[in-house]
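Engineer:
Residue numbers (the working numbering), protein chains in the order written: chain U, 1 to 540; chain W, 1 to 152.
1. What are the residues that DSSP puts in a beta bridge with residue 58(W)?
2. The beta strand (DSSP E) with residue 111(W) in it runs from where to where?
3. Taking CB distances under 7 Å as the criterion, tell me whether residue 270(U) reaches chain W.
4. Starting from residue 64(W), find everything on chain U with Cβ-Cβ shorter than 8 Å and list it in chain order.
5. At 7 Å on the CB atoms, spell out the chain U contacts of residue 153(W), in chain order.
6. If we define contact as Cβ-Cβ less than 7 Å, is residue 67(W) a contact residue for chain U?
7. Cβ of residue 73(W) less than 7 Å from any chain U Cβ?
8. Residues in the same chain with beta-carbon distance under 8 Å from residue 56(W), minus the five sequence neighbours each way, listed in chain order, please.
9. From the beta carbon of residue 143(W), is the nearest beta carbon of chain U less than 7 Å away?
10. For residue 102(W), which beta-bridge partners are listed by DSSP?
11. Below 7 Å between beta carbons: does that hold for residue 281(U) and residue 8(W)?
12. Do you know how far the Cα of residue 104(U) is from the Cα of residue 183(U)?
13. If contacts are defined as beta-carbon pairs under 8 Å, then residue 531(U) and residue 107(U) qualify, I think. What distance do you get, rounded to the angstrom?
14. Within its chain, find whatever has a CB closer than 8 Å to the CB of residue 519(U); leave out the 5 residues flanking it on each side and keep chain order.
15. Grab me the residues of residue 301(U)'s own chain with a C-beta within less than 6 Å of its C-beta, minus the 5 sequence neighbours each way, in chain order.
16. Helix, strand or coil, according to DSSP, for residue 146(U) in the structure here?
17. Between the beta-carbon of residue 180(U) and the beta-carbon of residue 104(W), is there less than 7 Å?
18. Can you name the residues of chain W whose CB is closer than 7 Å to the CB of residue 188(U)?
19. Kindly give me the distance between the Cβ atoms of residue 228(U) and residue 488(U), rounded to whole angstroms, as I take these residues to be in contact under 8 Å.
20. Looking at chain W, which residues of the segment 329-350 of chain U have a Cβ within less than 8 Å of any of its Cβ atoms?
21. Quick one: using the 10 Å Cβ neighbour count with 16 as the cut-off for buried, is residue 540(U) buried or exposed?
22. Run through DSSP, which three-state label would residue 168(U) get?
23. At 8 Å on the CB atoms, spell out the chain C contacts of residue 519(U), in chain order.
24. Consider the Cβ of residue 262(U): report whether some Cβ of chain W lies at a distance smaller than 7 Å.
25. Roughly how far, in whole angstroms, is the beta-carbon of residue 311(U) from the beta-carbon of residue 387(U), given that I think they are within contact range, below 8 Å?
26. Looking at the C-beta of residue 132(W), does it have a partner C-beta in chain U at a distance below 7 Å?
27. Please list, in chain order, the chain W residues whose beta carbon lies closer than 7 Å to that of residue 295(U).
28. Short of 6 Å in beta carbon distance, which residues of its chain neighbour residue 53(U), apart from the five on each side in sequence? Order them along the chain.
29. Among the residues of its own chain, which have a CB less than 6 Å from the CB of residue 329(U), if the five just before and after it don't count?
30. Grouping DSSP H, G and I as helix and E and B as strand, with all else coil, what is residue 68(W)?
31. Under 7 Å, Cβ to Cβ, is there at least one residue of chain W near residue 75(U)?
32. Tell me which residues of the segment 407-434 of chain U have at least one Cβ-Cβ distance to chain W shorter than 9 Å, keeping chain order.
33. For the beta strand (DSSP E) holding residue 121(W), just list the boundary residues, first then last.
34. Return yes when the Cβ of residue 140(W) is within less than 7 Å of the Cβ of residue 117(W), no when it is not.
35. At the level of alpha carbons, what is the spacing between residue 141(U) and residue 508(U)?
36. If you compare alpha carbons, which of 117(U), 319(U), 62(U) and 68(U) is closest to residue 84(U)?
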């Protein structure tokens with residue numbers, strides 16, 4: 001059952017994901033913005049949600065030694081699949097060229113909103129499988145620590161649940177009736193604000209499953225132990241507290257929101273940077289321990305002893321490269337969040353340069369590595385073409401750095417994001433031609449091609465494994481995950497219960513969002529009729 | 001929590017406090033701020049530029065699919081401009097190259113920023129939020145002249 005579920009999920013996500021990459025090329029001509037919507041929705045929303053659910057379905061029952069309720073898992077998988085296909089089809093038909101942020105008053109076909117809703121509700125349903133499992137385990141194991149991987153996955157879905165309430169409200173009460181013609185007008189600023197209430201925690205929904213793999217798998221694969229178990233727990237709880245009251249930092253340049261509330265969200269954003277800095281320390285310390293166990297000496301000698309190029313430990317490459325990329329992604333994130341510094345970068349090509357170093361770097365690599373591992377485990381197959389699987393993330397990472405460098409520096413020079421530059425600013429025949437952007441645009445193409453080659457190499461190994469003959473003779477071969485042991489293991493009783501942290505989070509959300517919503521309602525006037533991207537005349 | 005972990009924790013916190021200090025310094029002493037919520041401005045449906053003082057102007061800029069109105073503005077060097085931006089249809093974005101001005105143009109709301117042009121030259125601006133099929137052609141410029149040779 002689980003086998004099939006993971007298999008279906010894997011096949012689907014890979015084809016979609018690959019299509020996303022192909023479609024994202026701004027130089028193939030055709031409809032660039034349709035391709036961009038496809039790329040954004042499939043890679044950032046569909047692929048990530050599928051993987052997070054699959055990892056939860058795999059890790060939580062494994063760590064708690066319980067059985068998954070297969071009816072719930074299947075229902076959730078089918079809902080997510082139907083929703084994704086629905087949204088993807090509407091995008092391909094050109095009925096939803098609204099990019100993945102779907103800001104009104106650009107209107108998509110109602111099925112686009114319905115599809116996204118099904119995807120989200122399907123993912124909620126999956127977590128209803130885990131909550132009773134978790135509560136029952138707690139009852140049976142009074143006084144014991146919940147396994148860290150479970151804490152991480154639960155954290156991911158607690159944040160997801162709170163955040164998606166806002167986007168569900170946006171879609172169900174505002175956009176869907178408006179798109180169907182039941183309501184004439186929509187308040188654009190309010191919709192935007194609700195979107196970003198969801199939009200920033202969304203990035204932690206991407207990041208946290210990667211953190212779960214970093215904390216539980218990475219030290220073990222590297223041949224060491226997790227330096228501090230308590231640090232991991234503290235980090236997850238801090239994410240619950242600070243992930244959500246920060247969304248307005250995407251709206252620093254928006255009208256109708258007071259600067260003082262934007263600053264408050266900025267301060268909380270610095271609060272959410274702290275757990276990532278702690279993570280950097282804990283994981284570096286864990287890797288140092290592993291390197292020294294493997295015979296590394298001196299201050300930096302341990303770095304050379306880690307298994308970067310060991311075929312049997314291909315998973316290590318996906319995780320370590322992701323961490324390395326995240327050093328730059330994280331710094332970029334702090335720059336973006338730095339209030340007025342955002343003026344220099346907001347909506348320029350810097351932004352995609354930044355988020356490809358986060359979601360398309362550590363998150364994507366960890367998810368790809370994780371998918372391959374899950375497939376190998378649940379289909380009882382030996383990973384094929386391990387060499388390809390091992391080299392893929394290196395090629396991808398080199399490409400990613402080249403592309404992001406091009407986008408970021410181009411962005412600092414004023415190049416806008418989400419723009420088909422090939423048709424105007426990068427076209428020598430256009431009066432809008434911008435000579436000094438060309439070099440950076442070229443860099444991003446070179447990087448993009450390398451990233452694509454990296455992904456193709458991965459797919460060789462992935463599909464090679466999926467379609468290979470099963471190596472296991474028995475039906476019930478043992479599934480294992482490389483769960484790390486802690487080096488420092490403190491009782492940390494104050495970090496064992498989610499409740500107080502959820503309550504603090506809700507208080508912070510109310511405090512930080514009430515004034516923002518009031519500002520928006522006070523300073524906006526009139527509503528907006530729906531528009532198609534192809535005409536300056538409203539649709540009704 | 002061992003000693004090195006505590007040190008890492010404290011250093012991380014200090015680093016963030018330092019960054020925050022930089023933000024507050026820029027906001028308070030350099031007067032670089034982000035747009036705020038304004039409620040004292042009447043909605044406008046056409047673009048206007050008028051002089052409000054010897055070196056100061058008010059520009060009401062309208063973004064629409066797929067042009068800025070006005071798309072070209074000429075002002076003398078040293079001008080301080082009270083810039084109001086809104087959109088007539090869907091969301092657009094407005095960033096003046098080389099200046100601390102970056103504003104979202106959202107229908108149903110007015111965005112505001114004050115900007116001073118001390119250097120003559122051409123300041124390019126391009127729409128930076130996706131606004132439909134011809135988004136990539138939506139751009140304009142502010143030309144700051146060292147000497148005004150003629151009336152507006």
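The beta carbon of each residue, even a glycine, is placed where N, CA and C say it ideally should be.
All values reported here derive from a predicted model rather than from experimental measurement.
Structural biologist: The short version:
1. In the second chain, the residue the question calls residue 58(W) occupies position 58. Answer is 50(W) and 82(W), bridged to residue 58(W).
2. Translated into the one-based positions of the second chain, residue 111(W) becomes position 111. Element bounds for residue 111(W): 111-117.
3. Walking along the first chain from the start, residue 270(U) turns up at place 270. Interface residue, yes.
4. Position 64 of the second chain, counted from the first residue, corresponds to residue 64(W). The contacting residues are 536.
5. It is not possible to answer for residue 153(W), since the shown part of chain W is limited to 1 through 152.
6. Start at 1 with the first residue of the second chain, and residue 67(W) comes out as number 67. Cβ-Cβ to chain U under 7 Å: no for residue 67(W).
7. The sequence position of residue 73(W) within the second chain is 73, counting from 1. Answer no: the Cβ-Cβ gap between residue 73(W) and chain U never drops below 7 Å.
8. Position 56 of the second chain, counted from the first residue, corresponds to residue 56(W). So the qualifying residues of the chain are 79, 80, 81 and 82.
9. Against the second chain, residue 143(W) aligns to sequence position 143. For residue 143(W), the answer is no, since every Cβ of chain U falls outside 7 Å of its Cβ.
10. In the second chain, residue 102(W) corresponds to position 102, counting from 1. Paired residues: 95(W).
11. Start at 1 with the first residue of the first chain, and residue 281(U) comes out as number 281. Start at 1 with the first residue of the second chain, and residue 8(W) comes out as number 8. Cβ atoms of residue 281(U) and residue 8(W): closer than 7 Å.
12. For this step, residue 183(U) is matched to residue 183 along the first chain. For this step, residue 104(U) is matched to residue 104 along the first chain. Going from the Cα of residue 183(U) to the Cα of residue 104(U) covers about 13 Å.
13. As a first step, residue 531(U) is located in the first chain; it is residue number 531 there, counting from the start. As a first step, residue 107(U) is located in the first chain; it is residue number 107 there, counting from the start. Correct: roughly 6 Å between the Cβ atoms.
14. Indexing the first chain from 1 puts residue 519(U) at position 519. Contacts found: 256, 257, 258 and 261.
15. For the purposes of this step, residue 301(U) is taken as the residue at position 301 of the first chain. Hits under 6 Å: none found.
16. Here the question's residue 146(U) lines up with position 146 in the first chain. If DSSP states are grouped into helix, strand and coil, residue 146(U) belongs with coil.
17. Taking the first chain and counting its residues from 1, one reaches residue 180(U) at position 180. Taking the second chain and counting its residues from 1, one reaches residue 104(W) at position 104. For residue 180(U) and residue 104(W), no; Cβs fall outside 7 Å.
18. As a position in the first chain, residue 188(U) is number 188, starting the count at 1. Under the 7 Å cutoff, chain W gives 91, 106, 107 and 108.
19. The sequence position of residue 228(U) within the first chain is 228, counting from 1. The sequence position of residue 488(U) within the first chain is 488, counting from 1. Yes, residue 228(U) and residue 488(U) are in contact; Cβ-Cβ is about 5 Å, under 8 Å.
20. 334, 338, 339, 340, 341, 342, 343, 344, 346, 347 and 348
21. As a first step, residue 540(U) must be located in the first chain, where it is residue number 540. By the neighbour-count rule (16 or more Cβ atoms within 10 Å), residue 540(U) is not buried but exposed.
22. Stepping through the first chain from its first residue, residue 168(U) is reached at position 168. Residue 168(U) falls in the helix class under three-state DSSP.
23. Within the model displayed, chain C is absent; protein chains U and W are what it includes.
24. Counting from one through the first chain, the residue named residue 262(U) turns up at place 262. So yes, residue 262(U) belongs to the interface.
25. Along the first chain, one-based indexing puts residue 311(U) at 311. Along the first chain, one-based indexing puts residue 387(U) at 387. Confirmed, about 6 Å.
26. As a working mapping, residue 132(W) is identified with position 132 in the second chain. Yes - at least one Cβ of chain U is within 7 Å of the one on residue 132(W).
27. Locating residue 295(U) in the first chain gives position 295, counting from the first residue. The contacting residues do not exist; residue 295(U) stays about 22 Å from chain W at best.
28. By 1-based counting over the first chain, the position of residue 53(U) is 53. Around residue 53(U): 123 and 126.
29. Counting from 1 along the first chain, the entry for residue 329(U) is found at position 329. Answer for residue 329(U): 357, 358 and 361, listed in chain order.
30. The residue you call residue 68(W) lines up with position 68 of the second chain. Residue 68(W): strand per DSSP, three-state reduction.
31. Start at 1 with the first residue of the first chain, and residue 75(U) comes out as number 75. No, no contact with chain W.
32. 413, 414, 415, 416, 417, 418, 419, 420, 421, 422, 423, 424, 425, 430, 432 and 434
33. Taking the second chain and counting its residues from 1, the one referred to as residue 121(W) is at position 121. Taken as a continuous stretch (DSSP letters only), the beta strand (DSSP E) holding residue 121(W) covers 121-126.
34. The sequence position of residue 117(W) within the second chain is 117, counting from 1. The sequence position of residue 140(W) within the second chain is 140, counting from 1. Cβ distance not < 7 Å, so residue 117(W) and residue 140(W) don't count as in contact.
35. Against the first chain, residue 141(U) aligns to sequence position 141. Against the first chain, residue 508(U) aligns to sequence position 508. About 32 Å.
36. Here the question's residue 84(U) lines up with position 84 in the first chain. It is 117(U) whose Cα lies nearest to the Cα of residue 84(U).
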